[in-house]
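**Q** Numbering (full-length UniProt numbering), first residue to last: 1 to 491. We treat Cβ as the ideally placed atom computed from N, Cα and C, and that holds for glycine. Before I ask anything, let me first share the structure, which is written out below as structure tokens.
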Amino acid sequence: MQQDILINWSPQETRVAVVENGAVQELHVERALERGLVGNVYLGKVARVLPGMQSAFIDIGLERAAFLHVADVWHRQPDGEPPSMARNTQPQVPIEKQVFEGQSLMVQVIKDPIGTKGARLSTQISIAGRLLVFLPQDDHVGVSQKIPPAQRDELRRRLQTLVGGDGGGFILRTNGEDASDAELAEDIAYLRKTWARIKEASLRLPSTSLLHQDLNLLQRVLRDLVGDETQTIRLDSREQFDMLQAFGREFMPAAATKLQLYKGERPIFDLFSIDEEIAKALGRRVELKSGGYLIVDQTEALTTVDVNTGGFVGARNFDDTIFKTNLEAAGAIARQLRLRNLGGIVIVDFIDMMREDHREAVLAEFRKQLARDRVKTMSGGFSQLGLVEMTRKRTRESLAHMLCEPCEACQGKGIVKTARSVCYDILREILREARQFNPREFRVVASPRVVELFLDEESQHLAGLSDFIGKPISLQSESAMGQEQYDIVLM
1 MQQDILINWS
11 PQETRVAVVE
21 NGAVQELHVE
31 RALERGLVGN
41 VYLGKVARVL
51 PGMQSAFIDI
61 GLERAAFLHV
71 ADVWHRQPDG
81 EPPSMARNTQ
91 PQVPIEKQVF
101 EGQSLMVQVI
111 KDPIGTKGAR
121 LSTQISIAGR
131 LLVFLPQDDH
141 VGVSQKIPPA
151 QRDELRRRLQ
161 TLVGGDGGGF
171 ILRTNGEDAS
181 DAELAEDIAY
191 LRKTWARIKE
201 ASLRLPSTSL
211 LHQDLNLLQR
221 VLRDLVGDET
231 QTIRLDSREQ
241 FDMLQAFGRE
251 FMPAAATKLQ
261 LYKGERPIFD
271 LFSIDEEIAK
281 ALGRRVELKS
291 GGYLIVDQTE
301 ALTTVDVNTG
311 GFVGARNFDD
321 TIFKTNLEAA
331 GAIARQLRLR
341 NLGGIVIVDF
351 IDMMREDHRE
361 AVLAEFRKQL
371 ARDRVKTMSG
381 GFSQLGLVEM
391 TRKRTRESLA
401 HMLCEPCEAC
411 QGKGIVKTAR
421 SVCYDILREI
431 LREARQFNPR
441 EFRVVASPRV
451 VELFLDEESQ
461 HLAGLSDFIG
471 KPISLQSESA
481 MGQEQYDIVL
491 M
């Protein structure tokens with residue numbers, strides 16, 4: 001299977017598409033103004049200790065002080081026990097005996113600030129790699145509990161041999177189950193090099209400094225998405241290409257050799273109609289090539305997928321029509337889960353099949369397609385009601401939650417793109433039009449919220465685009481327009 005990774009970079013947003021055999025399988029989006037803090041390591045300064053709450057407030061340079069609870073204060077584990085086991089068995093030392101006001105403390109964000117609450121911190125540092133998690137303060141070598149017990153002992157022995165006596169603890173992640181010794185050794189070297197940089201920065205920089213930021217989306221492409229099947233990684237920004245190449249050469253040389261700078265005239269996402277795929281992934285209905293279709297409904301508790309025959313009448317009898325529709329749907333559902341990044345409980349309602357061999361074949365195909373997912377999935381068989389229940393681990397927000405927000409007009413019954421998403425669509429459309437036409441001026445006619453965002457938070461990006469294309473861009477607010485509606489007038 002041939003895989004290509006396409007990266008569309010702009011100052012406000014990075015978009016990554018994983019394409020296999022010409023079909024988009026995964027989409028990843030990261031925005032400059034919405035990037036989280038989880039995983040970041042700071043040199044904090046203890047601002048206040050609260051013995052009554054067994055917690056402390058730590059200044060890490062953010063608007064609000066961060067929160068450190070006594071349960072998240074690290075101490076060396078006896079006999080190389082896993083951190084979770086030692087925490088439960090060791091008596092807890094009061095926080096006022098462990099930290100004091102004015103103390104400099106290396107801390108890591110484990111939960112982003114929410115509302116009026118500051119970030120939550122831990123003094124146990126962990127650095128995630130592609131296959132391993134590095135615990136530089138511990139000596140424990142462990143294996144993810146999600147890997148079958150029969151394989152854990154052998155994997156632990158292999159990992160202990162590779163780690164050697166250089167210190168530090170490592171935990172093998174679920175996706176490292178089938179990794180080679182060479183891949184594990186490369187990840188160990190990367191993690192140790194990262195920790196050395198953090199320690200060096202902690203001695204050099206003042207308190208409240210950021211020592212380490214978790215990798216951005218571009219860097220995570222090399223760490224998490226590139227595999228043996230990856231043919232090329234194409235990026236449309238010269239500046240980001242040079243930076244990513246330098247990062248790859250130092251930490252992931254095998255992945256860096258696959259990097260290519262895209263210089264084509266057409267936008268890189270137009271090559272595989274990826275913007276159209278994004279639009280489809282935000283809709284309820286998914287058309288199948290046979291004429292059948294899926295209905296995907298995402299709720300707070302779970303996601304439901306309903307399979308329908310639609311206009312498919314190609315088979316000789318009704319049973320075969322149902323069987324072939326379900327077979328095609330099995331692959332399409334697995335792809336939609338990846339594309340939309342749907343997590344949690346998923347209920348699939350295949351069309352009822354009378355024959356047991358048909359049911360077994362559809363279930364086998366469904367599990368085969370789910371096995372291609374990078375994210376951990378578990379699926380059961382057909383229930384008494386003919387439903388298939390499965391779970392998919394939540395790793396980040398779904399595509400719909402990332403790009404859309406509840407519609408005020410319908411009180412949450414439907415969704416529309418956020419004003420920022422529409423702004424970025426407009427910026428891309430202007431860039432596309434500027435390559436084809438040479439008007440005197442571009443005029444954007446859009447809803448008041450979109451225009452307001454362009455005049456405020458996105459004004460810098462709008463001005464930057466205007467300078468880049470060498471044409472003025474004016475704005476016109478139209479209250480009759482919906483949030484997703486806009487016109488670009490060539491003056």
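Quick check on DSSP: helix, strand or coil for N8?
**A** Numbered from 1 along the sequence shown, position 8 holds the residue referred to as residue 8. Residue state, collapsed to three classes: strand.
**Q** Using a Cβ-Cβ cut-off of 6 Å (strictly less than) and excluding sequence neighbours within five positions of L342, which residues of its own chain qualify?
**A** Stepping through the sequence shown from its first residue, residue 342 is reached at position 342. Once the five neighbours on either side are set aside, the close Cβ partners of L342 are T303 and S398.
**Q** Which of helix, strand or coil does DSSP assign to M481?
**A** Counting from one through the sequence shown, the residue named residue 481 turns up at place 481. Correct three-state label for M481: coil.
**Q** Using 8 Å for Cβ pairs, my map puts T325 next to T299. What's the rounded Cβ distance?
**A** Reading the sequence shown from its first residue, position 325 is the one you call residue 325. Reading the sequence shown from its first residue, position 299 is the one you call residue 299. That belief does not hold up - the Cβ atoms of T325 and T299 are roughly 25 Å apart, past 8 Å.
**Q** Nearest to R285 by alpha carbon, out of D306, I95, A301 and S273?
**A** Residue 285 sits at position 285 when you count from the first residue of the sequence shown. Nearest option by C-alpha distance: D306.
**Q** Here's a check: name, in chain order, each residue in its chain whose Cβ is nearer than 6 Å to the Cβ of L387, leaving out the five neighbours to either side.
**A** Numbered from 1 along the sequence shown, position 387 holds the residue referred to as residue 387. Only I347 and D349 meet the Cβ criterion.
**Q** Would you list the one or two residues that DSSP bridges to S421?
**A** Position 421 of the sequence shown, counted from the first residue, corresponds to residue 421. Beta-bridge pairing links S421 to no other residue.
**Q** Out of curiosity, what's the CA-to-CA distance linking S477 and Q240?
**A** Taking the sequence shown and counting its residues from 1, one reaches residue 477 at position 477. Taking the sequence shown and counting its residues from 1, one reaches residue 240 at position 240. So the alpha carbons of these two residues sit roughly 34 Å apart.
**Q** Which value, in whole angstroms, describes the spacing of the CA atoms of V362 and A330?
**A** The residue given as residue 362 occupies position 362 in the sequence shown. The residue given as residue 330 occupies position 330 in the sequence shown. Rounded to whole angstroms, V362 to A330 spans 7 Å at the Cα level.
**Q** Just grab the DSSP bridge partners of R392 for me.
**A** If you number the sequence shown from 1, residue 392 lands on position 392. Beta-bridge pairing links R392 to G344 and T377.
**Q** Nearest-angstrom Cα distance between R374 and V226?
**A** Along the sequence shown, read from residue 1 onward, the residue named residue 374 stands at position 374. Along the sequence shown, read from residue 1 onward, the residue named residue 226 stands at position 226. Approximately 11 Å, taken between the alpha carbons.
**Q** Determine the extent of the beta strand (DSSP E) in which H401 is found, giving its start and end residues.
**A** Reading the sequence shown from its first residue, position 401 is the one you call residue 401. Note, H401: premise wrong, no beta strand (DSSP E); alpha helix (DSSP H) at L399 to L403.
**Q** Which ranges would you report for the alpha helix (DSSP H) in the region 39 to 74 if only whole runs of at least 4 residues count?
**A** Those alpha helix (DSSP H) runs which fall completely within the region 39 to 74 and span 4+ residues do not exist here.
**Q** Could you have a look at T304 and say whether DSSP puts it in helix, strand or coil?
**A** Here residue 304 is taken as the residue at index 304 of the sequence shown, counted from 1. Reduced to three states, the DSSP call for T304 is strand.
**Q** According to DSSP, is N88 helix, strand or coil?
**A** As a position in the sequence shown, residue 88 is number 88, starting the count at 1. Note on N88: pLDDT 45, under 50, position unreliable in the model; no value is reported.
**Q** Kindly indicate which residue of R335, Y42 and V163 has the alpha-carbon position closest to the one of A189.
**A** By one-based count along the sequence shown, residue 189 stands at place 189. Ranking R335, Y42 and V163 by Cα distance to A189 puts V163 first.
**Q** Secondary structure at G80, three-state DSSP: helix, strand or coil?
**A** Taking the first residue of the sequence shown as position 1, residue 80 is located at position 80. Here the model assigns G80 a pLDDT of 48, short of 50, so the residue's position is not dependable and the matter cannot be decided.
**Q** Fully enclosed by the region 258 to 292, which alpha helix (DSSP H) runs are 4 residues long or longer?
**A** Counting only runs of 4 or more, we get 274 to 281.
**Q** Can you give the Cα-Cα distance for I333 and R340, rounded to whole angstroms?
**A** Here residue 333 corresponds to residue number 333 of the sequence shown, with the count starting at 1. Here residue 340 corresponds to residue number 340 of the sequence shown, with the count starting at 1. Between I333 and R340, the C-alpha separation is close to 10 Å.
**Q** Would L50 be called buried (16 or more neighbouring beta carbons within 10 Å of its own) or exposed?
**A** As a working note, residue 50 is residue 50 in the sequence shown. Looking at its Cβ environment, which holds fewer than 16 other Cβ atoms inside 10 Å, L50 is exposed.
**Q** Within this structure, are the beta carbons of A17 and I274 separated by less than 7 Å?
**A** Indexing the sequence shown from 1 puts residue 17 at position 17. Indexing the sequence shown from 1 puts residue 274 at position 274. Yes, these two residues count as a Cβ contact at 7 Å.
**Q** Could you say which of G61, V143, I60 and L327 lies nearest to F366 if we only look at CA atoms?
**A** The residue given as residue 366 occupies position 366 in the sequence shown. For the residues G61, V143, I60 and L327, the minimum Cα distance to F366 belongs to L327.
**Q** With which residues is H212 paired in a DSSP beta bridge?
**A** As a working note, residue 212 is residue 212 in the sequence shown. Paired residue(s): V41.
**Q** Span of the alpha helix (DSSP H) holding Q151?
**A** On the sequence shown, residue 151 is found 151 positions in, with the first residue counted as 1. Counting along the chain, the alpha helix (DSSP H) containing Q151 begins and ends at P149 to V163.
**Q** So the candidates are S10, Q2 and L135; which of them puts its Cα closest to the Cα of N21?
**A** Walking along the sequence shown from the start, residue 21 turns up at place 21. Closest by alpha carbon: Q2.
**Q** Pull up the distance between the alpha-carbon of V416 and that of S479, whole angstroms please.
**A** Within the sequence shown, numbered from 1, the residue matching residue 416 stands at position 416. Within the sequence shown, numbered from 1, the residue matching residue 479 stands at position 479. Cα to Cα, V416 sits roughly 16 Å from S479.
**Q** Do you know how far the Cα of L217 is from the Cα of L271?
**A** Counting from one through the sequence shown, the residue named residue 271 turns up at place 271. Counting from one through the sequence shown, the residue named residue 217 turns up at place 217. Distance between the alpha carbons of L271 and L217 is about 21 Å.
**Q** Is the region 282 to 297 close to the region 259 to 267, with three or more CB pairs under 8 Å?
**A** In short, these stretches do not touch, since the Cβ pair count stays below three.
**Q** Does DSSP classify I351 as helix, strand or coil?
**A** Counting from 1 along the sequence shown, the entry for residue 351 is found at position 351. If DSSP states are grouped into helix, strand and coil, I351 belongs with coil.
**Q** If P136 and G168 are in contact, beta carbons under 8 Å, what's the gap, nearest whole angstrom?
**A** In the sequence shown, residue 136 corresponds to position 136, counting from 1. In the sequence shown, residue 168 corresponds to position 168, counting from 1. At roughly 5 Å, the Cβ-Cβ gap stays under 8 Å, so P136 and G168 are in contact.
**Q** Curious, which full-length beta strand (DSSP E) runs of at least 3 residues does the region 184 to 247 contain?
**A** Listed in chain order, the complete beta strand (DSSP E) runs (minimum 3 residues) inside the region 184 to 247 are 209 to 212 and 230 to 235.
**Q** Locate the beta strand (DSSP E) running through H358, then write down its first and last residues.
**A** On the sequence shown, position 358 is the one that residue 358 refers to. It is not in any beta strand (DSSP E) - H358 instead sits in the alpha helix (DSSP H) that spans E356 to L370.
**Q** Would you kindly work out how many angstroms separate the C-alpha atoms of P448 and S144, rounded to a whole number?
**A** Taking the first residue of the sequence shown as position 1, residue 448 is located at position 448. Taking the first residue of the sequence shown as position 1, residue 144 is located at position 144. Cα to Cα, the separation comes out at about 50 Å.
**Q** Compare the Cα-Cα distances from R443 to each of M491, R420 and S466 and report the closest residue.
**A** Taking the first residue of the sequence shown as 1, we reach residue 443 at position 443. It is M491 whose Cα lies nearest to the Cα of R443.
**Q** Per DSSP, E30 forms a beta bridge with which residues?
**A** Here residue 30 corresponds to residue number 30 of the sequence shown, with the count starting at 1. Paired residues: T14.
**Q** Quick one: what does DSSP say I125 is sitting in, helix, strand or coil?
**A** Here residue 125 corresponds to residue number 125 of the sequence shown, with the count starting at 1. The answer is coil: DSSP assigns I125 none of H, G, I, E or B.
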